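In our numbering, the protein residues as written are 28 to 261.
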């Protein structure tokens, strides 16, 4: 089966689960788990940040394993949905602070798509004070995406404009980012990403960039290989 056709079928299946079931009806099926459910001592936690037009339900494939393994987690809803990406930095900051207070350890921040840019905006605001173990981005448009140029020029969807390829917002972000902060990032990207393209747009200089071949945009957030590699970083 041709690679692109296989990826298209994969994305259709993922989109059906996420947009027709998990997000509208099952987004609160798995409540946050702020403390480790095991007695084996301290356990590093995870803060989740979703992407554009999504909510915490996009991570539903992750939660059962986290519950089984006793891994603390908090999954955000980034709201308002069409605000500037900068507006989400305070939400991430609050979740990171709570997770650190609960576990005594700097958490992983795991992001899909736009959530990765929100994490970068948060780290820009915090600078060296960002108390995070690693930031994981999955299909995040770090350099923007050509798809962003097809969105209408409406001020009510500020975040979509900020994700345009080489946007003013992205250039301003890069201009103040320190290389040592970017080294905390692990960036998963794919040659079959149907939302973030070109594929290298989902990579960052100085980061640990990991290619997941043949997997489309939404399916990247559900991919078992990605899940396994992320949990290995705890």
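Quick reminder that beta carbons are idealized off the backbone N, C-alpha and C, glycines included.
Since we're looking at a predicted model, the values are computed, not measured.
Burial state of residue i (16 or more Cβ within 10 Å)
i           : result
residue 56  : exposed
residue 168 : buried
residue 48  : exposed
residue 183 : exposed
Residue i versus residue j - alpha carbon distance
i           : j           : result
residue 94  : residue 172 : 34 Å
residue 38  : residue 219 : 10 Å
residue 58  : residue 118 : 17 Å
residue 161 : residue 185 : 27 Å
residue 106 : residue 113 : 11 Å
residue 72  : residue 242 : 26 Å
residue 43  : residue 214 : 25 Å
residue 204 : residue 237 : 21 Å
residue 85  : residue 45  : 6 Å
residue 77  : residue 29  : 30 Å
residue 199 : residue 260 : 30 Å
residue 83  : residue 202 : 31 Å
Residue range of the beta strand (DSSP E) that includes residue i
i           : result
residue 205 : Neither: residue 205 is in no beta strand (DSSP E) and is coded neither H nor E.
residue 235 : 235-238
residue 85  : Neither: residue 85 is in no beta strand (DSSP E) and is coded neither H nor E.
Simplified DSSP assignment, three categories, for residue i
i           : result
residue 63  : coil
residue 242 : coil
Start and end residues, alpha helix (DSSP H) containing residue i
i           : result
residue 90  : 90-96
residue 32  : 30-44
residue 254 : 251-258
For this session: Give, in chain order, every unbroken run of the alpha helix (DSSP H) that is at least 4 residues long and sits entirely within the region 133-177.
Result: 141-153
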